[in-house]
Amino acid sequence: MGSKFTIEECRRYAEHLRSTGQGINNPGGYATTIHRTGEADALIEVFLTSAESPRAELDASKCPDCSGTGFYYPEGREKGMARCKHPQLLDSKVD
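Counting the sequence shown from 1 gives a position; my numbering is that position plus 24.
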């Protein structure tokens, strides 16, 4: 069947997964696979839609909670990690 998205859009999505530590070590290979199969079309659509939102303009490296890693310890190291949604950056962007 194939993806409704271009190979470049699939590459952008795969590179996003790699850069955010979501288990993709070979984004080029993953992009080719999802382009051929179309299996990630729904996820790519969400990614591309959210990439157009104001949140995409945030510089996560300036986040005081996670320092750009994407993860932080909301209740200390003994309670485990959580994905950082950069609320302090979002709050400062609204001001």
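Every residue gets a Cβ at the ideal spot worked out from N, C-alpha and C, and that includes glycine.
Distances from the alpha-carbon of residue 50 to those of 113, 70 and 38 put 38 closest. Annotated as proximal: residue 86 and residue 113, with beta-carbon spacing under 8 Å.
Of the residues 70, 57, 105 and 94, the one whose Cα lies closest to the Cα of residue 27 is 57.
In this structure residue 103 is not in contact with residue 96, their Cβ atoms being roughly 11 Å apart against a cut-off of 8 Å.
In this structure residue 33 is buried. Its beta-carbon is surrounded by 16 or more other beta-carbon atoms within 10 angstroms. Secondary structure of residue 64 (DSSP, three-state): coil.
In the assembly as shown, residue 106 is an exposed residue. Its beta-carbon has fewer than 16 other beta-carbons within 10 Å.
Between residue 92 and residue 44 the beta-carbon gap is near 10 Å, outside 8 Å, which marks them as no contact.
Counting other Cβ atoms within 10 Å of its Cβ, residue 83 stays below 16 and is therefore classed as exposed.
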